[in-house]
Amino acid sequence: MNESHKVFKSQKVLIIAILLIGLIFPFAYRIVKYYSDYDFTIESYIMDVTVSEEGDLHVVERITNKYREQNTVFYKNLVYGKNNTFSKSEDVSMLDKSSLSLRVESNNETVFDSKTDVNTQSHFIAFSGDRDERGMLIGCEDNQDDCEMIFYYNKNGIDRETTFIYEYSIIGAVTSYGDVSELNWKFLGEQPMKVKNIEVNVHFPDVEFDKDFYKAYGYGNSVGDFEYTSNNTLKIEVPDILKGEFVEMRILLPNEMFPGIRSQNKVNTLQYDLFIDASEEALAYSKRLVTIQTISYISVLILLLMFAAAAYYAYSRYGKKHKSDFYGEYYRELPAEYGPALLGNLYRFGKTTDNDLAATLLDLIRRKYLILDDNNEGVNAKEPNFIIKLNKDRKTDDLEDHEEYLIKWFINEIGNGTQVELKELKEYVKEEHQANKYRISNTTWNMKVKQEASKQDFFDLETIKARPKLAMFSTLGFVFSFIFFVVYQLYKIDSTVIVLSMTLATTVAYLVYVNTLTRRSIKGNEDYVRWVAFKKFLEDFSTFKDYPVPSLVIWEHYLVYATSFGIADKVMDQLKLKFSESDFTNANLTYGRYFSNNFFINMYFINSLSRLRVNAVTTIAAAKSARVAKSGGGRIGGGGFGGGSSFGGGGGSFGGR
Numbered sequence: 000m001n002e003s004h005k006v007f008k009s010q011k012v013l014i015i016a017i018l019l020i021g022l023i024f025p026f027a028y029r030i031v032k033y034y035s036d037y038d039f040t041i042e043s044y045i046m047d048v049t050v051s052e053e054g055d056l057h058v059v060e061r062i063t064n065k066y067r068e069q070n071t072v073f074y075k076n077l078v079y080g081k082n083n084t085f086s087k088s089e090d091v092s093m094l095d096k097s098s099l100s101l102r103v104e105s106n107n108e109t110v111f112d113s114k115t116d117v118n119t120q121s122h123f124i125a126f127s128g129d130r131d132e133r134g135m136l137i138g139c140e141d142n143q144d145d146c147e148m149i150f151y152y153n154k155n156g157i158d159r160e161t162t163f164i165y166e167y168s169i170i171g172a173v174t175s176y177g178d179v180s181e182l183n184w185k186f187l188g189e190q191p192m193k194v195k196n197i198e199v200n201v202h203f204p205d206v207e208f209d210k211d212f213y214k215a216y217g218y219g220n221s222v223g224d225f226e227y228t229s230n231n232t233l234k235i236e237v238p239d240i241l242k243g244e245f246v247e248m249r250i251l252l253p254n255e256m257f258p259g260i261r262s263q264n265k266v267n268t269l270q271y272d273l274f275i276d277a278s279e280e281a282l283a284y285s286k287r288l289v290t291i292q293t294i295s296y297i298s299v300l301i302l303l304l305m306f307a308a309a310a311y312y313a314y315s316r317y318g319k320k321h322k323s324d325f326y327g328e329y330y331r332e333l334p335a336e337y338g339p340a341l342l343g344n345l346y347r348f349g350k351t352t353d354n355d356l357a358a359t360l361l362d363l364i365r366r367k368y369l370i371l372d373d374n375n376e377g378v379n380a381k382e383p384n385f386i387i388k389l390n391k392d393r394k395t396d397d398l399e400d401h402e403e404y405l406i407k408w409f410i411n412e413i414g415n416g417t418q419v420e421l422k423e424l425k426e427y428v429k430e431e432h433q434a435n436k437y438r439i440s441n442t443t444w445n446m447k448v449k450q451e452a453s454k455q456d457f458f459d460l461e462t463i464k465a466r467p468k469l470a471m472f473s474t475l476g477f478v479f480s481f482i483f484f485v486v487y488q489l490y491k492i493d494s495t496v497i498v499l500s501m502t503l504a505t506t507v508a509y510l511v512y513v514n515t516l517t518r519r520s521i522k523g524n525e526d527y528v529r530w531v532a533f534k535k536f537l538e539d540f541s542t543f544k545d546y547p548v549p550s551l552v553i554w555e556h557y558l559v560y561a562t563s564f565g566i567a568d569k570v571m572d573q574l575k576l577k578f579s580e581s582d583f584t585n586a587n588l589t590y591g592r593y594f595s596n597n598f599f600i601n602m603y604f605i606n607s608l609s610r611l612r613v614n615a616v617t618t619i620a621a622a623k624s625a626r627v628a629k630s631g632g633g634r635i636g637g638g639g640f641g642g643g644s645s646f647g648g649g650g651g652s653f654g655g656r
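For the sequence shown, counting from 1, position 49 maps to 48 in numbering that gives the first Met the number 0; every step adds exactly one.
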C-alpha cells in the first residue's frame, strides 16, 4: 500500500469515526453502565412487601439469575436500617433474624430450602459473622451495622438459570409523625450489575382513607413508574436499572393506617408540608437533571456531526489529491532527475527514512563522488569490510546541500578525511557518545533533505496555510468541554463524564487531523503517480517477455531508487535472472560489480548502511537503561421516578462468584 493511499485512508477513517461516535453516543452511557464484573445477570426482580398496622414490613423477594459461567456462591447484602434525620434516635428499624429464610429453585424444583434442609460443608446458607467455604469471615462491606449478609454456597455449582427466594421481616420501617406517616425505603439498592424486569408490590393495611392525602415519590432512576392499583396496593415497575442505580420510594400515608405503631417510631412534630415541599423540590431537581442530561446528549451529538462535517470539508477542500493526467500502470524510465532522498520525501509526504540515506550514499558512489572498495577481502567474506573512499578528482561544488553534508559527515567526522570503512561505521554507533553524535547528524541530514525538497514544490502550500483557519473550529469543542466540565462539577451527572470525554477526544482528533493535513501539489502529484508506476515496473519487469532490458549501468541507476523504495532485494533477485555473471564485470559499473554472487542476494552493504541509525538509537537506549538499573528502580503506583435520593432506609446489593 503506497503512502498516498495510507493518508487518504486515514482521513476517511477519521471522518467515519467521528460520525460513528455520534451515532453510538446515545447508547454509550448505558453500555458503560451495563458493564459488570460478575459472571451472571439478574433477569428479574420481584418483591412483595406487606406493611402491617404496626409499621413493619414482611418481604418476599424473587431474584432470577442467568449465569454465563459456573458459580458456586450467591450472596445478598440486606440493609434494614432507616434514615431518622427528621425523627429521633430511638426511631430505628430492625431485622427479625428469626424470620429470615432462603429457598433456591431451578427448573421448577427446589434445590435448597433453609426452612427444611440441613447445612452441609458442600451446600449451606450462612450469615454475617459466620465463615464461608474458604474460611473467611462473612459480612457486609465496611462492616455496616444495619446490614446482614445472606450467603449461599453450592459446591456442585449453581444452575444456569436459578431463582433465589428470600423471606424476612423488618420491624419499625414506618415512622408516624404528628400529621403523616412515612415509609421512606430503598426497595432495591445500588447494584454492581444491570437488573432487569423489576416489579415491587407494596400492600398497606386495608383502611379507608382520603386518596388526595396519599403521596408517593420515586427516586434512583429515570425509567420507572408506579401507581396505586387499589385501596391498599402500590405497584412499582422498572424495566431495568443500570449499575449504580436503585429503586427508592417516599410514601406518605395517613396515621390512621397504622394504629398499632410502636411509640419509639412515633414523632410528635408536623412534617407533612415539609415532606411535600422537600419531595417536590427533589422531583423538580431530578427533572432538571434529566433535562440537563438530554440537552447534553443532543448538544454533543450535534457537535460531533459538526466536527464530521468540518473534517469532510477540510479533506475535500484541502486534503483530496489532485487529478493526474497519467493513468498508466507502469512507467519504464526515471520520472525525474532529482535524487533518491527527494523521491523519499515526495513519496512519504515529507518523511525521510534510513533507506533514503543508504540510497543517497549509493547514488554518490554511482556518480563517482565516492569510490567503493572491497578492501581486498573478496565479496565472499562473511562480513565484507568495504571501504568508502572520497574521489579527490571530483569537485563537490555541484552537489546539493544534503549530499555534500553526507560526504563530510561520513568521510570527515566518522572517517579519517579520505575514507571510512564499513566496520568503522558499525563500530562508531556502539559507543553512547558517538551514537548520540550520529543521531544528531542524522537529524541534521534529514532537515537538509527537507529544505532541498521544499525547492521542488512537492506539496500544496494552500493546504498548509489553511491549517490555522481550520484549527479554529476546535475552539468550539473546547468551549463545550468546559461547559460539560462545569455541569459535572455542579450536578455530578455520571453521563456528563462520557459526554466530556467524547467531546475532548473528538476535538483533539480533529485538531491533530487538520494540523497534519497535507497533500501533494499538482506538480508533486504528477511526479508521484509516475514514481508509483515506476516502482511497480521495478517489481514486475522480469515478467515482461518482449521488453528489451536496459543495460546493467542503467539498472545500477534504477537500483538507487529501488533502495529508497525499500525493494532493492526484489530488484536484485530479478537482475540475477536477466544478467549473466560476466555482465557484472562491466568497467562502467561502480557499486554494481560487487553484487554478482551471494553478497548480491544478502544485500549486506545496503542493509548495514540502513541500520546505522537504528543501531545508534539502540545503543543510546541500552546505556540509559543501564544507568537507571544502576541507580535503582522506582514505584508504580403515580408518576415517574427521578434521579437523586430521599435518603431512605433499606437497600443492599447482590454478588457472587
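Every residue, glycine too, gets a C-beta built ideally from N, C-alpha and C. The structure presented is a predicted model; accordingly, all values stated were derived computationally and were not measured.
Closest by C-alpha distance to D400, out of D353, Q488 and A340, is A340. Straight across, the Cα-Cα distance linking W530 with F484 is about 50 angstroms. Under DSSP, L341 shares a beta bridge with no residue. Classified as exposed, F212 has fewer than 16 neighbouring CB atoms from the shown chains inside 10 Å of its CB.
A residue is called buried once 16 or more other Cβ atoms fall within 10 Å of its Cβ, and T228, having fewer, is exposed. Non-local C-beta neighbours of S105 in its own chain, meaning closer than 6 angstroms and more than five positions away in sequence, comprise D158 and T161, ordered along the chain.
At a Cβ-Cβ threshold of 7 angstroms, N264 and G80 do not count as neighbours.
Taken atom to atom, the span from the alpha-carbon of R130 to that of I137 is near 6 angstroms.
Around the beta carbon of K429, fewer than 16 other beta carbons lie within 10 angstroms, which makes this residue exposed. Looking only at L360, I250 and F540, the smallest Cα-Cα distance to S175 is reached by I250. Apart from sequence neighbours up to five positions away, the residues of its chain that approach D459 with a beta-carbon distance below 6 angstroms are R518 and S520, ordered along the chain. Selection Y326, R438 and I291 evaluated against L356 yields R438 as nearest (Cα-Cα). In the three-state scheme derived from DSSP, where H, G and I count as helix and E and B as strand, I566 is classed as coil. For the segment 245-280, the full-length beta strand (DSSP E) segments reaching 3 residues or more read 246-252 along the chain. Beta-bridge analysis with DSSP links I137 to no other residue. With contacts defined as CB atoms closer than 7 angstroms, F203 and N231 qualify as a contacting pair. The three-state reading of DSSP puts N183 in strand, counting E and B together. In the three-state reduction of the DSSP assignment, M192 falls in the coil class, being assigned neither a helical nor a strand state. Annotation: the continuous alpha helix (DSSP H) that includes P467 extends over L460 to A470.
With contacts defined as CB atoms closer than 7 angstroms, T71 and N153 qualify as a contacting pair. Here the segment 190-209 lies against the segment 48-66, with 3 or more beta-carbon pairs under 8 angstroms apart.
Three or more Cβ pairs closer than 8 angstroms define a contact, and the segment 105-114 falls short of that threshold against the segment 186-197. Straight-line measurement puts the Cα of A504 at about 44 angstroms from the Cα of V570. Secondary structure at H432: helix, using DSSP grouped into helix, strand and coil. If you check the CB distance, G327 and D362 do not come in under 7 angstroms.
Beta-bridge partners of S168 (DSSP): H57 and D95. Judged by DSSP secondary structure, I240 falls within the beta strand (DSSP E) whose first and last residues are T232 to I240. When C-beta atoms of the segment 285-293 are compared with those of the segment 230-249, fewer than three pairs fall below 8 angstroms, so the two segments do not count as touching. When secondary structure is reduced to three states using DSSP, Q573 falls in the helix class. Residue pairing for E226: DSSP places it in a beta bridge opposite K234. DSSP places K449 in the helix class (H, G or I) of the three-state scheme.
With contacts defined by Cβ atoms closer than 7 angstroms, M148 and N76 form a contacting pair.
Taking C-beta separations shorter than 6 angstroms and ignoring five residues to either side along the sequence, the partners of E236 in its chain run E198 and D224, following chain order. Distances from the alpha-carbon of V507 to those of D526, L300, Q488 and L475 put L475 closest. Each residue's CA atom was taken as its position, placing Q120 and S168 some 28 angstroms apart. Of the candidates Y527, S473 and V103, S473 places its Cα closest to the Cα of A308.
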